[in-house]
Ligand SMILES: Cc1cc2nc3c(=O)[nH]c(=O)nc-3n(C[C@H](O)[C@H](O)[C@H](O)COP(=O)(O)OP(=O)(O)OC[C@H]3O[C@@H](n4cnc5c(N)ncnc54)[C@H](O)[C@@H]3O)c2cc1C
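In our numbering, the protein residues as written are 88 to 466.
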């Protein structure tokens with residue numbers, strides 16, 4: 088029996104995201120991209136609109152929701168704003184606060200989760216290091232227990248929202264080598280010894296800050312440890328499933344927008360006395376894009392629905408990320424091609440989609456790492 092994934096509550100959320108982006112984002116996004124940041128008060132506005140708390144418990148300021156609500160939010164936000172960079176910056180708590188929500192004590196949730204969901208504080212996830220990206224289990228940032236504190240030394244890199252975060256959910260080595268020696272500590276960035284060593288200049292995602300972080304004898308209260316010592320790796324991996332689905336959805340939403348923009352352009356632009364859409368070569372390209380986008384979207388929604396049903400989707404999430412990112416890469420390439428020279432110009436959104444989408448198959452686990460995961464499960 089056919090069952091539609093989205094219902095009335097999803098439609099209402101989409102309407103509200105659309106209105107928010109039209110009012111708060113679209114008039115400013117180019118300026119934020121040029122400036123390399125968006126205003127801090129956007130977090131508060133997004134919180135007041137009910138977006139930051141989606142999926143979190145009500146008692147901490149959240150709104151319980153199913154995964155398909157999250158899919159609807161991401162899809163609409165990306166399609167309306169044309170900026171996965173803004174999405175990832177504004178919603179960096181979606182990769183850094185689930186650990187607090189799932190592993191944290193009541194006191195930690197009050198201290199970290201509540202102000203973040205209210206848009207008053209900014210949260211980042213600090214896992215990647217200069218010498219350990221894909222190989223998470225090999226991370227080297229050390230946290231040594233000293234009385235009521237951990238003394239943290241090391242570095243993190245490519246940290247989204249890292250330049251202005253108040254809290255960094257940080258993966259640290261508290262034990263021996265490998266996955267079993269890793270813990271999660273929330274580092275408050277006001278702690279002496281913590282510093283932002285570099286703001287990283289990037290190909291895309293210009294309005295989202297990406298930082299290199301340094302920890303030098305940084306004394307973090309032991310009360311900031313999430314869950315048990317040396318058991319942080321599992322928490323990191325479980326949350327990766329959410330991040331990977333989010334990136335897959337961002338990829339299909341980017342591809343959807345690239346398609347919509349291309350159809351619009353192909354119908355309005357003329358060459359050789361005919362609209363571009365009149366040329367079979369371009370029409371076929373648009374049909375290929377539409378087909379790929381639809382398949383990617385359907386699969387991503389199905390994976391979200393399976394997550395909602397409590398199923399283990401490790402294999403499917405990895406496949407979704409691989410497939411959607413490939414679809415997106417092709418779609419943005421074709422969209423720029425269809426726009427001709429204008430596709431290379433800043434005034435057209437497909438130019439930004441082309442640059443911004445390049446990171447989707449790298450962040451949150453690369454395509455090659457996704458293939459290793461699937462390979463281990465099916466071969
Ligand atoms: C804009 C941006 C934002 C980010 N935000 C965050 C964030 O907020 N928090 C955070 O912790 N991290 C973040 N990251 C880091 C991101 O998760 C890593 O870049 C990613 O996991 C890859 O790690 P790496 O860059 O060290 O590449 P490497 O691990 O060095 O990989 C380099 C290449 O080798 C390949 N490779 C590695 N291992 C294998 C293997 N076993 N088999 C086959 N190929 C392999 C990779 O696929 C890749 O092609 C961000 C990155 C970017 C670019």
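Cβ atoms here follow ideal geometry from the backbone N, Cα and C, with glycine treated the same way.
| request: Look at the Cβ atom of residue 124, then the Cβ atom of residue 399, and state whether they are nearer than 8 Å. | output: no
| query | Where residue 46 and residue 298 are concerned, what is the direct C-alpha to C-alpha distance, given to the nearest angstrom? | reply | Look at the range of the chain in this structure, 88 to 466, and you will see that residue 46 is not part of it.
| Nearest neighbour of residue 279, chosen from 248, 240, 260, 244 [CA to CA] | 240
| request: Decide if residue 185 is buried, meaning its Cβ has at least 16 other Cβ atoms within 10 Å, or exposed. | output: buried
| query | Between the C-alpha atoms of residue 229 and residue 300, what's the straight-line distance to the nearest angstrom? | reply | 14 Å
| said: Is residue 235 near ligand 1 - that is, is its Cβ less than 7 Å away from at least one heavy atom of it? | reply: no
| Coil, strand or helix - residue 401 by DSSP | helix
| query | What residue ranges within the region 206–269 form continuous beta strand (DSSP E) runs of no fewer than 3 residues, ordered along the chain? | reply | Fully enclosed beta strand (DSSP E) runs of 3 or longer: 210–213, 229–233, 236–247, 254–260.
| task | Decide if the region 259–269 is in contact with the region 340–347; the criterion is three or more beta carbon pairs, one per stretch, under 8 Å apart. | result | no
| Within 7 Å: the Cβ of residue 222 and any heavy atom of ligand 1? | yes
| message | Relative to the C-alpha of residue 195, which candidate in 172, 211, 106, 147 has its C-alpha closest? | response | Relative to the Cα of residue 195, the nearest Cα in the group 172, 211, 106, 147 belongs to 147.
| message | Does residue 430 pass the burial test, meaning 16 or more other C-beta atoms within 10 Å, or should it be called exposed? | response | Residue 430 is buried by the Cβ-count criterion.
| Residue environment, residue 188, which counts as buried when at least 16 other CB atoms sit within 10 Å | buried
| Near ligand 1: residue 270 beta-carbon under 7 Å from a heavy atom | no
| request: Alpha carbon to alpha carbon, how far is residue 406 from residue 383? Give it in angstroms, no decimals. | output: 10 Å
| Supposed close pair residue 452, residue 288 - CB separation, criterion 8 Å | In fact, because the Cβ distance is near 23 Å, the residues do not count as touching under 8 Å.
| request: Kindly provide the ranges of any alpha helix (DSSP H) runs that are 4 or more residues long and lie completely inside the region 368–430, ordered along the chain. | output: 401–425
| task | Out of 434, 414, 155, 122, state which residue places its alpha-carbon closest to the alpha-carbon of residue 292. | result | Proximity to residue 292 across 434, 414, 155, 122 peaks at 122, based on C-alpha coordinates.
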